[in-house]
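Here the sequence shown is numbered in the working numbering, starting from 1082 and rising by one per residue.
Don't be surprised by glycine CBs; every beta carbon is placed ideally from N, CA and C.
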Amino acid sequence: MFVLFFIIIIRLFNLQILGFEENLKLATYYSQRQVSIRASRGEILDKNGEILATNVESYILEYSSINNNDSFFDVITEVLDILDKNGEDLYNTFEIKVDPFRFEFSGMSDSEVRIKELRFKNDRGYYEKLKRNYFGSIRDLTDNQKRELEDNIINIKAEDMFYDLVKEYDLYKLLDNQNEMKSRSGKEIYDELIKKFTAKRIRDYVFIKDSIKMNSFSGFNPIILAIDLNKETAFEIMQKEVMLSGITVSPRSIRYYPEGEFASSIIGYIGSIDDSQKEKYQKEGYNTSYDTIGKAGIESIFESSLRGKHGSNIIKVDNNGTKKEDIMQIDPIAGDNIYLTIDKKLQKVTERALNDVMLGLQNTGNKHGTGLDTSNATRGAAVVIDVNNGDVLSLVSLPNYDPNVFINDENMTSEIREKYFATDLKNFGEKYIEDRKLDVNVDELFPLLDKNDPNSLREDPNDIYPKVFFNYATQGLIPPGSTFKPLTAIAALEEGVVTPNETIKDNLVFEAYNNKWTNLVNYTLGDIDVRDALRSSNNHYFYQVAYRMYNQEGLSNKEGLDILANWAWQFGLGRPPNTTNYVSTTGIELIETTGQIFNLQSMKSNIVALSTYNIIDILNKGEFGRYTFKPIDISKKTTDSEKLSKLKKEIKDLVKNILNEDLPIDVDKEILNERIEYLNSNLNTLFLDIVNYYNEEFNTEYIDEDVKNMTNAITEYTMYSLRTEIYTPGNVINASIGQGMSLFTPIQLANYIATIVNGGIRYKLNLVDKIVDINNNMVKEYKPEILDKVILKPENVDAVIEGMRRVTRSGSTASVFTNNHYFPIETGGKTGTATFKENGMQEKVGRAAYGVFVGFAPIDNPEIAVCVVIYDGGHGYFSSYVARAIFEAYFKDELQKNYPKYVPMFPYAYTLMD
């Protein structure tokens, strides 16, 4: 027993003491590392399994070095030589460019670019370096000092920073005279390097060294050298991997959108993780150095389903980072596949038809012969939905973009950056003005955000420039115009203020509430019912039924004002303003803007919000109505004393508080007079105080008459002008024909039409049909979901449907559907032509009315509803051509079967559906 114990002790001694040096060498030489195996992203497909977003197999080239050893330049030089020989490029996202030296940062605004540039420089030590240089040992800087420091960091030139990195990253080792050059400046080292290498090759070395340093802050992860190697290059490098320490080539799938720009407003795109998002995604298990994420559309909203789960490979590497042995592998799990409700073929027809009609309007320009100019018809949207389940069959927003451009940062050329992220509105504006011969200048059309800086970002207050990342179908709020009239008709019929067969005399002019409303035409149609009112889009009929709804017995002023809104909300047009949480009115998966119709609370909120600016304007002008006074400025200024600031605020708050009170048209006169006196008295006190302050501090010469007239002017403006604007029943009259504050999106308009024609069922709209895993097992199936059931009488629905049928047969779109090229399947529709700005203001900036069309088909047992909108399209009539193409495509099989001699107006409505 003793002998055995002695032998064990001796062996332990040999292993732990005598063998320590050898074991240490082995432990130092070999170590284990975990290398991520990327999961394949799930595909996006249409309802029939047609691929819209997929992955293509490629190869990725990576470099990892534990010790950043002396072989680095030899290894990287050989790799770069192979890449250059085969015409391959590095995955080079380095923001310093050469030939000439410059920075290139992408961003939607100057401020975003500035933030990225500061972060880029600060990550490389410039914040601390310049802080020491300018402020020494001061630990906490003031706000002014921080701004000064940031300005100095921004002022560092690209070439100076590049020279610093050449020095920091030891690029002198690439030269023959290393000992001599080691102590030289970065500029001197660069001057020697450029004799031996191209500027691009020097930049490649700096980029790789920089990537290693930046990557070291997030642990052991290889850096990516190239992400889309062709097979020949990959195999050549694989054959030399043993000699190329730290270099690995492995297969990788790359996102690919086979149809390019097609359906980009739905699909979206992927991109690298922004610096501002890295912390968030690191917590969710992403490798922020190379993982991509969905940035928009389905790619973004269903990121968690599409991304999959990365696997990992445990490997043994030597101290140069060279892989020696596979130890264990955990396989990745591919992302789920998403099937959309979209029909790819119908989507193609819709996109092409909308684009063709828009191009036609642009080319026609001001040659319509009516003073109309549609040359800026550069934006549009079209939606097609299944009225019986809420599936979205087609959704188009133009202009669109090619999502393939954004997959790799290296694709982002300066031209692409300018096109998508940094549009020169000055140059665009000057050409826009010249082409249209507008009597405005570029600063009026696209004003500078900072008027003191001619190079500052410009804004687009007139919504002229087309925005490719803006989804006009789900986010674009437009006035519906006459396309709202079917809703008014349904509301009036259901409220019982008119019957389907009752006629109302068209008197051309409608007078009520001290106002006059006129028809679009200067002749009377005589006695008309709801069907012909819709066919002819007769304003007078809808004014009359709106007036009746407001004046129903038993309704108060407030209840009457919301009568139309309460109906609109049931159809998903806007929502009650007291809704506490955001609720999509359609339920669609994409980002959606809600919109709103006139209602008392929203109108009051808008008026209250604007009251401050209006009051400031009146007081600056020194007159209102019959009152004149010495102008006074109550706008907020940073130089105001505490007392002056308080007085200004109290005046504004007093007006807001009064407007927020419950003072409808039918309020008791005693109550109203008491509140008028209250406001007048308090305004008088405040104006007296502020006038005395100005007289004492600034030697102004306000007199008592000024105070009196200021007080009376603001009292009258508040209690009569603004209060009347809030509570007047005229708001309901305007809303009845889609005017006033009514704004909705195309997808909301399409869904409201679907709800009418299917008898009152408002379905949640779906873009996603189902989600399945890589083995086609069902993960989630999306079934029809009812958001609301509107109780409607069949005879009322039938009357509205018949009215909309008459629009396409003998109304404003008869020439599209009937006269010139008869469409044999009965359809229904309604046009809308709503101005962007009144009183000639839209023409002054080169814009025209929105052209809106809503429709459905067939008349008996409707299947689909559509909405088409063309910005600056001039008239809804033009948009109806797009609907014609949609109907031809959707009903192709029926048309060919039942009407074999029918020739489509849009030939591709047949060919693209094959």
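Only counting runs of 4 or more residues, tell me where the alpha helix (DSSP H) segments fall wholly within the segment 1818 to 1899, in order along the chain.
Within the segment 1818 to 1899, the complete alpha helix (DSSP H) runs of at least 4 residues are 1827 to 1838 and 1875 to 1891.
Out of S1617, N1533, R1629 and F1551, which has the shortest C-alpha to C-alpha gap to T1580?
Ranking the options by Cα distance to T1580, first place goes to R1629.
Under 8 Å, with one C-beta from each stretch per pair, do the segment 1727 to 1745 and the segment 1682 to 1694 reach the 3-pair mark?
Touching, yes.
Keeping to the same chain, check which residues put their C-beta closer than 7 Å to that of N1638; ignore five residues upstream and five downstream.
P1745, I1746, D1747 and Y1808.
Among all the DSSP beta bridges, which residues are the ones paired with A1134?
A1134 pairs with I1125.
Please classify N1812: does DSSP put it in a helix, a strand, or coil?
In this structure, N1812 counts as helix in the three-state DSSP scheme.
May I ask you to report which of helix, strand or coil DSSP gives L1199?
Three-state DSSP puts L1199 in a helix.
Give the straight-line distance between the Cα atoms of G1910 and T1889, rounded to the nearest whole angstrom.
Computed Cα separation, rounded: 6 Å.
In this structure, what does DSSP give as the bridge partners for N1596?
Paired residue(s): A1593.
Since L1529 sits in a beta bridge, which residues does DSSP pair it with?
According to DSSP, L1529 bridges with R1539.
According to the Cβ coordinates, are I1293 and L1133 closer than 9 Å?
No, the pair does not count as a contact, with Cβ atoms beyond the cut-off.
In this structure, how does DSSP classify D1372 when only helix, strand and coil are distinguished?
Correct three-state label for D1372: coil.
Does the distance from the CB of K1702 to the CB of K1717 come in under 9 Å?
Result no, Cβ atoms of K1702 and K1717 do not sit closer than 9 Å.
When you compare the CB positions of S1558 and W1648, do they come within less than 9 Å of one another, or not?
Reading off the sequence, residue 1558 comes out as Leu, not Ser. Against a cut-off of 9 Å, the Cβ pair of W1648 and L1558 comes out as no contact.
Pull up the DSSP beta-bridge partners for P1332, would you.
Paired residues: Y1140.
In the DSSP assignment, the alpha helix (DSSP H) including Y1971 goes from what residue to what residue?
That run of the alpha helix (DSSP H) goes G1957 to Y1971.
Tell me whether V1194 is buried or exposed, calling it buried when 16 or more other Cβ atoms sit within 10 Å of its Cβ.
Buried is the call here.
Look at the alpha carbon of N1776 and the alpha carbon of L1760, and state the distance between them as a whole number of angstroms.
Taking the straight line joining both Cα atoms gives about 24 Å.
Taking L1526 as the reference, which of L1506, N1533, P1535 and D1534 has the closest Cα?
It is L1506 whose Cα lies nearest to the Cα of L1526.
To which residues of the same chain is N1302 closer than 7 Å at the C-beta, ignoring the five residues directly before and after it?
Contacts found: N1296, N1368 and S1370.
Return the CA-CA distance between L1753 and Y1801, expressed in angstroms with no decimal places.
Looking at the two C-alpha atoms, the distance is approximately 11 Å.
Closest Cβ-Cβ distance between I1275 and chain C: below 9 Å?
The structure shown contains no chain C, having only a single protein chain.
Here's the rule I'm using: 16 or more other beta-carbon atoms within 10 Å means buried, otherwise exposed. How should P1875 be labelled?
Under this definition P1875 is an exposed residue.
Rounded to the nearest angstrom, how far is the Cβ of N1233 from that of Y1253, given a contact under 8 Å?
Not quite, the Cβ-Cβ distance comes to about 28 Å (not below 8 Å), so this is no contact.
Please name the residue, chosen from R1804, T1912, K1268 and T1666, that lies closest to A1895 on a Cα-to-Cα basis.
The shortest C-alpha separation from A1895 is found at T1912.
Does the beta-carbon of H1902 have 16 or more other beta-carbons within 10 angstroms, so that it is buried, or is it exposed?
With fewer than 16 other Cβ atoms within 10 Å, it is exposed.
Is S1117 helix, strand or coil when you go by DSSP?
Three-state result, S1117: strand.
Counting only the same chain and skipping the five closest in sequence on each side, list residues whose C-beta sits under 7 Å from that of Y1989.
For Y1989, where only same-chain residues beyond five positions count, the Cβ hits under 7 Å are V1430 and R1433.
On the three-state DSSP scale, how would you describe E1511?
In the structure shown, E1511 sits in a helix (DSSP, three-state: H, G or I).
Verify whether the separation of the beta carbon atoms of G1654 and Y1833 is less than 9 Å.
Just to set this straight, residue 1654 is Leu in the shown sequence, not Gly. A contact, by the Cβ cut-off of 9 Å.
According to DSSP, is K1212 helix, strand or coil?
Three-state DSSP puts K1212 in a helix.
Is Q1259 a contact residue of the ligand GDP, with contact defined as CB to any heavy atom under 8 Å?
For the ligand GDP, the structure offers nothing, since it holds no ligand at all.
Report the rounded CA-to-CA distance for S1607 versus T1422, giving the unit in angstroms.
The sequence given here places Gly at residue 1607; Ser does not occur at that position. Taking the straight line joining both Cα atoms gives about 46 Å.
Measuring CA to CA, which of V1878, A1463, R1228 and R1843 is closest to D1869?
The residue with the shortest Cα to Cα distance from D1869 is R1843.
With distances taken Cα to Cα, identify the nearest neighbour of K1166 among T1899, P1561, A1315 and E1592.
When only C-alpha atoms are compared, the closest one is A1315.
Could you spell out where the beta strand (DSSP E) holding R1460 opens and where it closes?
R1460 -> beta strand (DSSP E) spans R1460 to D1467.
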